[in-house]
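The structure appears right after this line, and notes come after that.
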Amino acid sequence: MATNPSDIGRLLASLRKEKVRRCEECGREFTTKGRGRYCSKQCAWRVRKRRYRQRRKDQAQTDAAEG
């Protein structure tokens with residue numbers, strides 16, 4: 068009897084326990100079975116946007132100092 072790897076993955080995922088975590092962006096508590104760091108996509112996008120803007124700002128300062 069062959070076992071489908073997808074079935075094994077689904078079984079393992081269903082066995083994971085939910086964890087209560089605190090959102091790194093807004094501080095709200097939320098539950099996740101995975102490695103979630105944020106309570107919502109909105110919080111995740113907020114962090115991504117902030118990091119992107121900071122990288123652009125740092126790059127502009129580096130370019131100005133060199134040129």
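Each residue of the sequence shown is one higher than the one before, starting from 68 at the first, in this note's numbering.
The beta carbon of each residue, even a glycine, is placed where N, CA and C say it ideally should be.
These figures come from a predicted structure and were not determined experimentally.
Run of the alpha helix (DSSP H) containing residue i, from where it starts to where it stops
i	result
T129	K108 to E133
Per-residue burial, residue i [other beta carbons within 10 Å of its own, 16 or more giving buried]
i	result
Y119	exposed
C93	exposed
Span of the beta strand (DSSP E), counted from its first residue to its last, around residue i
i	result
R77	Careful: R77 lies outside any beta strand (DSSP E), inside the alpha helix (DSSP H) at P72 to L82.
E96	E96 to T99
G102	It is Arg, not Gly, that sits at residue 102 in the sequence shown. Segment: none, R102 is in no beta strand (DSSP E) and carries neither H nor E.
Minimum C-alpha distance to residue i - residue among the options
i	options	result
R89	A80, R77 and Y105	Y105
W112	E91, A80 and R83	E91
R102	K124, R95, K84 and K116	K84
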